[in-house]
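**Student:** In order, the protein sequence lines correspond to chains A and B. Numbering follows UniProt numbering, in which position 290 of the first sequence is assigned residue number 290; successive positions increment by one, without gaps. Numbering follows UniProt numbering, in which position 194 of the second sequence is assigned residue number 194; successive positions increment by one, without gaps.
There are 2 protein chains.
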Amino acid sequence: MTAATWAEVPKGSPFPLQNLPYGVFTPAGDTRARVGVAIGAHVLDVAAVLGDDTFAHGALNPFLAQGRARWTAVRAELTALLTDARHRAAVTPHLHPLDAVTLHLPFEVADYVDFYASEHHAANVGRMFRPGAEPLTPQWKHLPIGYHGRAGTVVASGTPVVRPCGQKKPGAAGELPGFGPSARLDIEAEVGFVVGTGSALGTPVGTDAFAEHVFGVCLVNDWSARDVQAWEYVPLGPFLAKSFATSVSPWIVPLEALEAARVTPPERAHALRPYLRETEDWGLDLRLEVRLNGQPVSRPPFSAMYWTGAQMLAHMTVNGASLRTGDLYASGTVSGPEPGERGCLMELTWGGEEPLKLADGTSRAFLEDGDEVTITATAPGADGTVIGFGEVTGKILPAVAGGRS
Amino acid sequence: MTAATWAEVPKGSPFPLQNLPYGVFTPAGDTRARVGVAIGAHVLDVAAVLGDDTFAHGALNPFLAQGRARWTAVRAELTALLTDARHRAAVTPHLHPLDAVTLHLPFEVADYVDFYASEHHAANVGRMFRPGAEPLTPQWKHLPIGYHGRAGTVVASGTPVVRPCGQKKPGAAGELPGFGPSARLDIEAEVGFVVGTGSALGTPVGTDAFAEHVFGVCLVNDWSARDVQAWEYVPLGPFLAKSFATSVSPWIVPLEALEAARVTPPERAHALRPYLRETEDWGLDLRLEVRLNGQPVSRPPFSAMYWTGAQMLAHMTVNGASLRTGDLYASGTVSGPEPGERGCLMELTWGGEEPLKLADGTSRAFLEDGDEVTITATAPGADGTVIGFGEVTGKILPAVAGGRS
Numbered sequence: 001m002t003a004a005t006w007a008e009v010p011k012g013s014p015f016p017l018q019n020l021p022y023g024v025f026t027p028a029g030d031t032r033a034r035v036g037v038a039i040g041a042h043v044l045d046v047a048a049v050l051g052d053d054t055f056a057h058g059a060l061n062p063f064l065a066q067g068r069a070r071w072t073a074v075r076a077e078l079t080a081l082l083t084d085a086r087h088r089a090a091v092t093p094h095l096h097p098l099d100a101v102t103l104h105l106p107f108e109v110a111d112y113v114d115f116y117a118s119e120h121h122a123a124n125v126g127r128m129f130r131p132g133a134e135p136l137t138p139q140w141k142h143l144p145i146g147y148h149g150r151a152g153t154v155v156a157s158g159t160p161v162v163r164p165c166g167q168k169k170p171g172a173a174g175e176l177p178g179f180g181p182s183a184r185l186d187i188e189a190e191v192g193f194v195v196g197t198g199s200a201l202g203t204p205v206g207t208d209a210f211a212e213h214v215f216g217v218c219l220v221n222d223w224s225a226r227d228v229q230a231w232e233y234v235p236l237g238p239f240l241a242k243s244f245a246t247s248v249s250p251w252i253v254p255l256e257a258l259e260a261a262r263v264t265p266p267e268r269a270h271a272l273r274p275y276l277r278e279t280e281d282w283g284l285d286l287r288l289e290v291r292l293n294g295q296p297v298s299r300p301p302f303s304a305m306y307w308t309g310a311q312m313l314a315h316m317t318v319n320g321a322s323l324r325t326g327d328l329y330a331s332g333t334v335s336g337p338e339p340g341e342r343g344c345l346m347e348l349t350w351g352g353e354e355p356l357k358l359a360d361g362t363s364r365a366f367l368e369d370g371d372e373v374t375i376t377a378t379a380p381g382a383d384g385t386v387i388g389f390g391e392v393t394g395k396i397l398p399a400v401a402g403g404r405s
Numbered sequence: 001m002t003a004a005t006w007a008e009v010p011k012g013s014p015f016p017l018q019n020l021p022y023g024v025f026t027p028a029g030d031t032r033a034r035v036g037v038a039i040g041a042h043v044l045d046v047a048a049v050l051g052d053d054t055f056a057h058g059a060l061n062p063f064l065a066q067g068r069a070r071w072t073a074v075r076a077e078l079t080a081l082l083t084d085a086r087h088r089a090a091v092t093p094h095l096h097p098l099d100a101v102t103l104h105l106p107f108e109v110a111d112y113v114d115f116y117a118s119e120h121h122a123a124n125v126g127r128m129f130r131p132g133a134e135p136l137t138p139q140w141k142h143l144p145i146g147y148h149g150r151a152g153t154v155v156a157s158g159t160p161v162v163r164p165c166g167q168k169k170p171g172a173a174g175e176l177p178g179f180g181p182s183a184r185l186d187i188e189a190e191v192g193f194v195v196g197t198g199s200a201l202g203t204p205v206g207t208d209a210f211a212e213h214v215f216g217v218c219l220v221n222d223w224s225a226r227d228v229q230a231w232e233y234v235p236l237g238p239f240l241a242k243s244f245a246t247s248v249s250p251w252i253v254p255l256e257a258l259e260a261a262r263v264t265p266p267e268r269a270h271a272l273r274p275y276l277r278e279t280e281d282w283g284l285d286l287r288l289e290v291r292l293n294g295q296p297v298s299r300p301p302f303s304a305m306y307w308t309g310a311q312m313l314a315h316m317t318v319n320g321a322s323l324r325t326g327d328l329y330a331s332g333t334v335s336g337p338e339p340g341e342r343g344c345l346m347e348l349t350w351g352g353e354e355p356l357k358l359a360d361g362t363s364r365a366f367l368e369d370g371d372e373v374t375i376t377a378t379a380p381g382a383d384g385t386v387i388g389f390g391e392v393t394g395k396i397l398p399a400v401a402g403g404r405s
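1. Please decide whether Ala245(B) counts as near chain A, where near means a Cβ-Cβ distance under 9 angstroms.
2. With 9 angstroms set as the bound, which would you pick, yes or no: does the beta-carbon of Phe179(B) sit closer than that to a beta-carbon of chain A?
3. Please name the residue in Ala321(B), Val297(B), Val263(B) and Ala151(B) whose C-alpha comes closest to that of Ala359(B).
4. Rounding to the nearest angstrom, what Cα-Cα distance links Ala33(A) and Pro97(A) in this structure?
5. Which ranges does the beta strand (DSSP E) cover as unbroken runs of at least 3 residues, wholly within the region 127-156 of chain A, from first to last along the chain?
6. Is Met1(B) close to chain A, meaning its C-beta is less than 9 angstroms from at least one C-beta of that chain?
7. Does the beta-carbon distance from Ala330(B) to Phe193(B) come in below 9 angstroms?
8. Checking the sheet assignment: what are the DSSP bridge partners for Asp114(A)?
9. Taking the C-alpha atoms as reference points, what is the distance between Leu286(B) and Ser249(B)?
10. Note down, in chain order, all residues in the region 333-357 of chain A with a beta-carbon under 8 angstroms from any beta-carbon belonging to chain B.
11. Look at the Cβ atom of His87(A), then the Cβ atom of Leu95(A), and state whether they are nearer than 9 angstroms.
12. Answer with buried or exposed for Ser157(B), where buried requires no fewer than 16 other C-beta atoms within 10 angstroms of its C-beta.
13. If you follow the beta strand (DSSP E) that Gly36(A) is in, where does it begin and where does it stop?
14. Count the C-beta pairs between the region 362-375 of chain A and the region 135-150 of chain A that are closer than 8 angstroms, then say yes if the count reaches three, no if not.
15. With a cut-off of 8 angstroms on the beta carbons, I'd call Ser303(B) and Val263(B) a contact; round off their distance for me.
16. For a quick check, are the C-beta atoms of Thr159(A) and Ala245(A) less than 9 angstroms apart?
17. Are the region 96-110 of chain A and the region 70-84 of chain A touching by the rule of at least three beta carbon pairs closer than 8 angstroms?
18. Taking Leu176(B) as the query, report the chain A residues whose CB atoms sit under 7 angstroms from its CB, ordered along the chain.
19. Select from the region 247-260 of chain A all residues with a C-beta closer than 8 angstroms to any C-beta belonging to chain B, and list them in chain order.
20. Is there a Cβ of chain B sitting closer than 9 angstroms to that of Val318(A), yes or no?
21. For Gln18(A), name the three-state secondary structure that DSSP assigns.
22. Does Thr159(B) come within less than 9 angstroms of chain A when only Cβ atoms are used?
23. Given 8 angstroms as the limit, is there contact between the region 194-203 of chain A and the region 226-235 of chain A, that is, 3 or more CB pairs closer than that?
24. Under three-state DSSP, which class holds Ser303(B)?
25. From Val214(A), Ser13(A) and Ser182(A), pick the residue whose C-alpha is nearest to that of Val195(A); which is it?
26. Using three-state DSSP, classify Gly390(A) as helix, strand or coil.
27. Roughly how far, in whole angstroms, is the beta-carbon of His315(B) from the beta-carbon of Arg150(A), given that I think they are within contact range, below 8 angstroms?
28. Pick out the complete beta strand (DSSP E) segments inside the region 247-293 of chain B, 3 residues or longer, and give them in chain order.
29. First and last residue of the alpha helix (DSSP H) that includes Gln229(A)?
30. Under a CB-based cut-off of 9 angstroms, is Leu323(A) close to chain B?
31. Mind checking which residues open and close the beta strand (DSSP E) that includes Gly309(A)?
32. Tell me whether Thr207(A) sits in a helix, a strand or coil according to DSSP, three-state version.
33. Give the range of the alpha helix (DSSP H) segment to which Phe63(A) is assigned.
34. Which of the three DSSP states is assigned to Pro177(A) in this structure?
35. Since residue 406(A) meets chain B, which of its residues come closer than 9 angstroms, beta carbon to beta carbon?
36. When the Cα atoms are used, what is the spatial distance from Ala172(A) to Ala117(A)?
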């Protein structure tokens with residue numbers, strides 16, 4: 001049955017009743033952050049409308065920790081409040097215009113893990129970084145490769161990104177390494193999974209427990225300094241090339257809003273180890289868009305990802321590693337098979353060799369100071385609606401002058 | 001002037017007055033954890049003796065956040081209380097026998113970073129993993145290589161370690177990867193640095209601000225599954241091979257207790273970038289000992305480390321990454337130049353090819369179920385004393401039977 005909301009939802013809004021993504025906001029003229037859900041051009045104050053202190057926090061974590069049954073119950077309650085016109089008078093005072101609130105980082109990040117789950121991205125990177133070798137490393141199609149990132153520098157959408165400084169490969173063997181502002185500053189358009197309920201140390205979490213542990217999905221921009229990365233990453237992986245900032249969207253779309261977006265992931269090249277087999281399809285038909293200074297430069301399809309969020313979760317815990325409320329794991333760059341579907345500049349400009357031409361007549365190999373990057377996404381929602389993810393955005397500020405070298 | 005304590009400090013105790021390491025404990029018959037300092041064979045209840053709620057927590061974090069001036073003041077106050085005999089009657093009721101208290105993980109870990117700062121270790125690993133190539137990667141002597149680990153699986157000393165399962169390299173090209181309990185389970189004897197005060201995003205922290213941000217030092221055992229690591233680690237570094245458990249000692253030795261342990265680090269092969277140059281020597285003369293089932297198997301010297309804790313801190317933040325109270329960064333395996341000074345079994349047994357002979361007549365290539373590994377350390381203290389670090393210990397439990405494969 002199609003539920004209709006009494007709330008005003010402008011045509012084309014990313015936030016129909018069937019979405020109800022969670023965020024943390026401060027109303028205009030107020031100082032206390034609290035949990036809200038987006039509906040149309042408004043945010044509903046969940047703490048106020050439910051009279052529940054779980055939501056009177058500057059982070060979703062207390063709610064995330066309550067688990068799937070509670071997430072379902074609250075979603076049903078909010079849907080009822082926004083559907084039954086008898087609640088309209090009581091609820092309306094708790095609707096704040098979205099353009100008049102401040103949005104925050106929606107949850108306290110416990111551990112942050114970044115995967116490498118797009119075959120197209122990994123193969124493109126392999127071709128550029130290891131020319132002549134097989135584009136994918138031997139284990140790539142047997143397990144979702146991942147690594148830990150810096151949780152403390154996960155920032156809210158809109159936080160400016162200061163161009164990082166770092167060491168770079170020497171010009172010639174025997175020379176000392178260079179140092180300075182990254183000249184190959186890049187984005188990575190990614191999808192993030194937010195863990196609600198934790199797990200016990202020593203107990204793997206199976207693919208079939210995905211919806212029990214994962215609350216929802218957000219957008220992630222994993223800013224990357226490619227010149228720093230090239231010099232530092234062998235043998236222990238990326239470190240300073242990534243740890244200066246990772247931006248996340250203000251809205252966490254609940255898994256329940258994505259039922260209609262579930263798709264079968266691409267065919268697998270090999271039989272998978274039982275712990276990576278899925279009994280349900282957790283591919284997701286999210287369509288991302290990357291805009292550079294307002295101009296669309298890529299449309300990465302998340303449905304093309306080789307590994308699903310459920311497989312990433314199972315792999316991350318198969319060694320007994322525990323989960324905590326607030327863990328964030330991201331997909332890695334989302335790239336599709338077509339050139340216009342690549343989720344980072346390194347791929348879009350083929351290592352900087354084929355600069356992007358922008359509408360203002362300029363071109364870009366990598367990001368310049370003042371550039372603003374915005375990632376959005378949509379997915380099919382229930383009742384033929386379109387689920388929007390809002391956006392994750394960030395502007396590049398110049399490197400700190402006079403910094404240590 | 002040499003201060004003498006009225007408290008009983010048995011000869012050879014790791015905890016003389018000049019040490020006063022901080023931990024978190026629960027007294028026998030009580031349920032509330034609080035902060036204590038070790039003195040002789042006792043732990044002093046700091047919350048009770050100072051009547052200060054900062055210490056009435058199950059983690060050091062509130063105290064860590066207060067900063068260097070406060071750390072110095074509290075240390076002076078505790079030293080005075082334990083020195084001036086007039087306080088004896090008032091303080092004595094707050095001394096609990098160490099063997100009757102429960103010790104906990106001493107702080108909530110924010111981000112965990114692991115470095116690779118021993119030249120001897122890195123060169124040995126290079127020889128084994130990349131035979132025929134230069135043992136050290138080209139950047140090794142230009143920057144301290146590091147990567148992020150899993151903060152959520154940093155556990156207190158004594159926590160049993162369940163043998164992890166994972167994928168392993170296929171026997172031959174074209175075969176499917178293996179899966180099962182790690183058959184090459186290893187330790188890494190490391191030294192950890194505990195960050196007290198945080199820093200602002202975008203602002204590097206210099207080597208000269210080391211003592212302003214770092215509160216103290218602990219021991220770390222970074223358990224490692226070498227077979228899992230060999231299959232997973234290219235190109236993004238170690239992940240599941242490390243994330244199942246990292247054990248830390250219950251006592252954090254304040255930097256102030258290590259003044260007499262400061263030494264000049266080894267001579268550098270190259271001129272270093274200014275941000276890595278030190279105006280003070282932060283090499284530390286810590287002498288580690290690794291015991292396997294009670295038998296000493298290695299004595300790694302921390303003074304042989306190429307990179308110091310101050311350099312690791314400066315490198316970790318040179319890209320503008322912020323620090324948070326509770327950040328833990330570890331040195332990586334501490335190995336000296338001699339065979340008996342290697343800090344992991346992979347080196348001690350040369351990849352398992354030269355098993356260690358134990359006193360009980362058995363031998364070990366890697367860890368067996370039931371094995372217990374204990375790491376201790378000492379350092380020169382003030383007034384000719386010896387500063388002890390207590391111990392970090394853990395016992396291997398069998399892999400979970402019937403686990404997913």
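All residues carry an ideal CB built from backbone N, CA and C; glycine is no exception.
**Tutor:** This is what the structure holds:
1. Yes, Ala245(B) counts as interfacial toward chain A.
2. Taking a beta-carbon distance threshold of 9 angstroms, Phe179(B) counts as an interface residue toward chain A.
3. Closest by alpha carbon: Val297(B).
4. The straight-line gap from Cα to Cα measures roughly 15 angstroms.
5. Counting whole runs of 3 or more residues, the region 127-156 of chain A contains the beta strand (DSSP E) stretches 146-149 and 154-156.
6. Only weak support is given to the placement of Met1(B): the predicted model assigns it a pLDDT of 42, under 50, and the value that follows is read from those uncertain coordinates. For Met1(B), the answer is no, since every Cβ of chain A falls outside 9 angstroms of its Cβ.
7. Yes, they are a contact pair.
8. Note: Asp114(A) is bridge-paired with Tyr147(A) and Ala330(A) in the DSSP secondary-structure output.
9. Approximately 15 angstroms, taken between the alpha carbons.
10. Listed by position, the residues of the region 333-357 of chain A near chain B (Cβ gap below 8 angstroms) amount to none.
11. In this structure, Leu95(A) does not lie closer than 9 angstroms to His87(A) by Cβ.
12. Classification for Ser157(B): buried.
13. That run of the beta strand (DSSP E) goes Arg34 to Ile39.
14. The answer is no - the region 135-150 of chain A does not touch the region 362-375 of chain A, with fewer than three Cβ pairs under 8 angstroms.
15. Correct: roughly 5 angstroms between the Cβ atoms.
16. Yes.
17. Contact between the region 96-110 of chain A and the region 70-84 of chain A is absent, because fewer than three Cβ pairs lie under 8 angstroms.
18. The answer, in chain order, is His270 and Ala271.
19. Answer set for the region 247-260 of chain A: empty.
20. Closer than 9 angstroms to some Cβ of chain B, the Cβ of Val318(A) qualifies, so yes.
21. Here DSSP, grouped into helix, strand and coil, assigns Gln18(A) to coil.
22. At least one beta carbon of chain A lies nearer than 9 angstroms to the beta carbon of Thr159(B).
23. Proximity of the region 194-203 of chain A to the region 226-235 of chain A falls short of the contact definition, fewer than three beta-carbon pairs being nearer than 8 angstroms.
24. For Ser303(B), the secondary structure class from DSSP, reduced to helix, strand or coil, is helix.
25. The residue among Val214(A), Ser13(A) and Ser182(A) with its C-alpha nearest the C-alpha of Val195(A) is Val214(A).
26. Three-state DSSP puts Gly390(A) in a strand.
27. Taking the Cβ atoms as the reference, His315(B) lies roughly 13 angstroms from Arg150(A), outside the contact range of under 8 angstroms.
28. Runs found: 287-292.
29. Note, Gln229(A): alpha helix (DSSP H), Arg226 to Glu232.
30. Under the Cβ criterion of 9 angstroms, Leu323(A) is counted among the residues facing chain B.
31. Per DSSP, Gly309(A) is not a residue of any beta strand (DSSP E); the alpha helix (DSSP H) it occupies stretches across Gly309 to Thr317.
32. DSSP places Thr207(A) in helix when its eight states are reduced to three.
33. Counting along the chain, the unbroken alpha helix (DSSP H) around Phe63(A) starts and ends at Asn61 to Leu64.
34. If DSSP states are grouped into helix, strand and coil, Pro177(A) belongs with coil.
35. Coverage of chain A is limited to positions 1 through 405, which leaves residue 406(A) absent and any answer about it impossible.
36. When rounded, the distance between both Cα atoms is 34 angstroms.
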